[in-house]
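Quick notes on the structure that follows.
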Amino acid sequence: MSLKVYINGELVDKQDAKISVFDHGLLYGDGVFEGIRVYKGKVFRCKEHVDRLFNSAKAIALRIPMTKQEVTEAIHRTVAANGRPNAYVRIVVTRGAGTLGLDPTKCHDPQVIIITDSISLYPREFYEKGLEVVTVPTMRNHHNVLSPKIKSLNYLNNILAKIEARQAGVIEAIMLNPLGFVAECTGDNIFIVSRGRLLTPPPDAGILEGITRQVVMELAERAGIPVAEQQLTRFDLYVADECFLSGTAAEIIPVVRIDSRDIGDGTPGKITLQLLQMFREETDNNP
Ligand code: PXG
Numbered sequence: 019m020s021l022k023v024y025i026n027g028e029l030v031d032k033q034d035a036k037i038s039v040f041d042h043g044l045l046y047g048d049g050v051f052e053g054i055r056v057y058k059g060k061v062f063r064c065k066e067h068v069d070r071l072f073n074s075a076k077a078i079a080l081r082i083p084m085t086k087q088e089v090t091e092a093i094h095r096t097v098a099a100n101g102r103p104n105a106y107v108r109i110v111v112t113r114g115a116g117t118l119g120l121d122p123t124k125c126h127d128p129q130v131i132i133i134t135d136s137i138s139l140y141p142r143e144f145y146e147k148g149l150e151v152v153t154v155p156t157m158r159n160h161h162n163v164l165s166p167k168i169k170s171l172n173y174l175n176n177i178l179a180k181i182e183a184r185q186a187g188v189i190e191a192i193m194l195n196p197l198g199f200v201a202e203c204t205g206d207n208i209f210i211v212s213r214g215r216l217l218t219p220p221p222d223a224g225i226l227e228g229i230t231r232q233v234v235m236e237l238a239e240r241a242g243i244p245v246a247e248q249q250l251t252r253f254d255l256y257v258a259d260e261c262f263l264s265g266t267a268a269e270i271i272p273v274v275r276i277d278s279r280d281i282g283d284g285t286p287g288k289i290t291l292q293l294l295q296m297f298r299e300e301t302d303n304n305p
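Counting from 19, one number per residue, gives the positions in the sequence shown under our numbering.
Structure below.
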């Protein structure tokens, strides 16, 4: 069965899923997106993702030509049409086709695209043995330049950070903010465990407020692990007992080495593994 892609109300075969080369999503990265997981046929934290999509769109003054309810139905319709119990859903809303030149008011037809496919951010083995990461020169966006809370189609600085990680011989980067505090990774949020406490940078550190990050904080509270949003420096990372990343695509992945320093004893930590186990149960019993 060919993969069906949703475009503006219609489900079309993958090879027929096309948009204009004049679309400002392509020409200028003018648009927003979401990445959502489907576990056992159920869309995980759908409402949170749809709310964030609409907030991202509002922030860039992009009117999504559908209600939240309609977008939610379209997601479910696309998932059902593809018949995969476990999948990754990518919703993209572009400014639509316009003229050459930035002016978004010349774009009258925003495009709503929903793709379901599989995604594998990191090779399986790293979930067991842990990931090595580095801090990189490319910073996360300053909120006065482009709010990092907007999940926009502009990912170039994160892509540059990814390239810098690759140049350093690893597959993921930790991005700092313009003040030098830890922000997040290129497509994941970051947590450390320090003296039994779970710590993660606050929203004003310049992060995308991850939905998986929220789930992790809820799970930690449920397990009685103290959680705090706190400014973190590279020093805090180096001396942490444990570290892991969270994201829809990455899920939860342990980090065991940062900038050539072993984290803890250089193996995935106990609290990390406990949260990973709880996360598995949460997604398996997805309401
Ligand atoms: N930070 C950034 C910069 C992200 O892009 C996260 C954190 C994690 O947020 P969630 O809500 O997913 O827990 C993201 C997530 C893709 C793709 O290509 C998108 C992300 C990550 C990886 C791949 O669809 N965004």
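All C-beta atoms, glycine included, are put in the ideal place defined by N, C-alpha and C.
query: Proximity test, Thr-230 beta-carbon vs the ligand PXG heavy atom, cut-off 7 Å; result: yes
query: beta-carbon Arg-108 near the ligand PXG non-hydrogen atom, thresh 7 Å; result: yes
query: Separation of Gly-148 from Arg-298, as counted between CA atoms; result: 17 Å
query: Opening and closing residue of the beta strand (DSSP E) in which Phe-262 lies; result: 260-265
query: Lys-86 in three-state terms, based on DSSP; result: helix
query: Euclidean distance between Cα positions of Pro-128 and Asp-69; result: 18 Å
query: Runs of alpha helix (DSSP H) wholly within the stretch 53-134 (minimum 4 residues, chain order); result: 64-77 and 86-100
query: Own chain residues within Cβ distance below 8 Å of Tyr-106, not counting five before or after; result: Gly-53, Ile-54, Arg-55, Val-56, Thr-134, Asp-135, Ser-136, Ile-137, Thr-266 and Ala-267
query: Assumed close pair Leu-217, Lys-169 - CB separation to whole angstroms, cut-off 8 Å; result: Incorrect: roughly 24 Å between the Cβ atoms, too far for contact.
query: Segment contact flag, the stretch 31-45 with the stretch 107-126, C-beta cutoff 8 Å, min 3 pairs; result: yes
query: Among Gly-187, Glu-91, Gly-49 and Phe-62, the one whose alpha carbon lies nearest that of Leu-71; result: Gly-49
query: Alpha carbon of Thr-204 to alpha carbon of Thr-156, nearest angstrom; result: 10 Å
query: Same chain, Cβ closer than 8 Å to Gly-187, five either side skipped, listed in chain order; result: none
query: Segment contact, 8 Å Cβ cut-off, at least three pairs: the stretch 222-239 with the stretch 272-280; result: no
query: Any non-hydrogen atom of the ligand PXG closer than 7 Å to Ser-136 Cβ; result: no
query: Residue closest to Lys-32, alpha-carbon to alpha-carbon, out of Ile-131, Ile-93 and His-126; result: Ile-131
query: contact_flag[the stretch 248-265, the stretch 167-186] where n(CB pairs < 8 Å) is 3 or more; result: no
query: Alpha-carbon to alpha-carbon, Gly-47 and Asn-172; result: 5 Å
query: Identity of the residue in Ser-264, Pro-221, Gly-242 and Val-233 nearest Ile-208 by Cα; result: Ser-264
query: Where Gly-224 falls, given that 16 or more other Cβ within 10 Å makes a residue buried; result: buried
query: Of the residues Phe-62, Gly-287 and His-94, the one placed nearest Val-23, counting alpha carbons only; result: His-94
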